[in-house]
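Read top to bottom, the protein sequences are chains W and D.
If you use my numbering, the first sequence corresponds to residues 3 to 116, in order.
If you use my numbering, the second sequence corresponds to residues 506 to 618, in order.
A virtual CB, placed ideally from N, CA and C, is assigned to each residue, including glycine.
Remarks on the structure that follows.
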Amino acid sequence: AQSVTQLDSQVPVFEEAPVELRCNYSSSVSVYLFWYVQYPNQGLQLLLKYLSGSTLVKGINGFEAEFNKSQTSFHLRKPSVHISDTAEYFCAVRANNAGNMLTFGGGTRLMVKP
Amino acid sequence: DAMVIQNPRYQVTQFGKPVTLSCSQTLNHNVMYWYQQKSSQAPKLLFHYYDKDFNNEADTPDNFQSRRPNTSFCFLDIRSPGLGDAAMYLCATSRDDTTDTQYFGPGTRLTVL
């Protein structure tokens with residue numbers, strides 16, 4: 003079985019500051035990793051994913067994430083946030099032998115302040 | 506441009522009154538999923554269809570049923586909603602059930618009075 007831990011339930015940050023949202027996972031098999039964003043009262047939108055290859059993955063809206071196998075982490079980063087980035091961010095994993103079933107972390111609420 | 510559509514976006518029902526939530530997709534994907542997301546929690550998979558093959562998660566209550574009459578549509582039926590079933594219900598699709606990304610709809614927020 004897999005599990006995902008998002009270490010911070012809320013991250014307040016000022017506009018134009020850098021941000022890192024942390025994600026750690028646990029799995030006995032290799033995994034694929036995802037970050038989704040959810041704006042208020044909306045569904046989940048895929049930000050980026052790691053399937054294989056380069057461990058630094060670039061996504062939409064200026065976000066990027068780095069897969070670190072030794073630390074079992076997949077932290078999300080953005081060098082300069084905007085007010086419009088205020089949302090809930092979910093990290094998810096999928097085991098490579100578990101079909102297409104996603105296991106989500108508990109989410110991190112990013113609050114960007116002016 | 507809408508790819509995964511959920512109707513209605515907001516649904517109010519009464520305790521014990523059956524309710525149906527709708528999902529449709531224009532992607533022609535084989536797999537459709539239903540998730541339940543309670544306030545400030547992660548989405549939880551209820552079940553999914555691969556074509557017409559239904560796959561129920563082990564801990565999904567019997568109160569929740571699903572129908573997929575064709576490739577484009579999938580319905581979530583809650584037979585007797587309780588107060589604890591108030592949540593956002595998310596529909597997602599993927600091309601296959603092994604490697605493809607899941608694409609989510611905007612969700613339906615269910616309120617139970």
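**Asked** Does DSSP put residue 582(D) in a helix, a strand or coil?
**Response** The sequence position of residue 582(D) within the second sequence is 77, counting from 1. The answer is strand: DSSP assigns residue 582(D) an E or B state.
**Message:** Assuming contact is defined by CB atoms lying nearer than 7 angstroms, are residue 516(D) and residue 613(D) in contact in what I supplied?
**Reply:** Position 11 of the second sequence, counting from 1, holds the residue named residue 516(D). Position 108 of the second sequence, counting from 1, holds the residue named residue 613(D). Taking 7 angstroms as the Cβ cut-off, residue 516(D) and residue 613(D) qualify as a contacting pair.
**Prompt:** So the beta strand (DSSP E) residue 518(D) belongs to, where does it begin and stop?
**Reply:** As a position in the second sequence, residue 518(D) is number 13, starting the count at 1. Run containing residue 518(D): 515-518, per the beta strand (DSSP E) assignment.
**Item:** Complete runs of the beta strand (DSSP E) confined to the region 19-107 of chain W [at least 3 residues]
**Value:** 21-23, 26-28, 33-40, 46-52, 58-60, 66-70, 75-80 and 89-97
**Item:** Close beta carbons around residue 28(W), own chain, < 6 angstroms, minus the five adjacent residues each side
**Value:** For this step, residue 28(W) is matched to residue 26 along the first sequence. Taken in chain order, the residues that qualify are 5.
**Prompt:** According to a CB-to-CB cut-off of less than 9 angstroms, which residues of the region 534-552 of chain D neighbour chain W?
**Reply:** 536, 538, 540, 542, 545, 546, 547, 548, 549 and 550
**Message:** Quick check on the DSSP output: what are the complete beta strand (DSSP E) runs of length 3 or more inside the region 536-582 of chain D, in order along the chain?
**Reply:** 536-542, 549-555, 558-561 and 569-572
**Request:** Measure from the alpha carbon of residue 578(D) to the alpha carbon of each residue in 569(D), 564(D), 553(D) and 584(D), then state which is nearest.
**Result:** Position 73 of the second sequence, counting from 1, holds the residue named residue 578(D). It is 553(D) whose Cα lies nearest to the Cα of residue 578(D).
**Prompt:** What are the residues of the region 592-613 of chain D that lie near chain W, defined by any Cβ-Cβ distance shorter than 9 angstroms?
**Reply:** 593, 595, 596, 597, 599, 601, 602, 603, 604, 605, 606, 607, 608, 609, 610, 611 and 612
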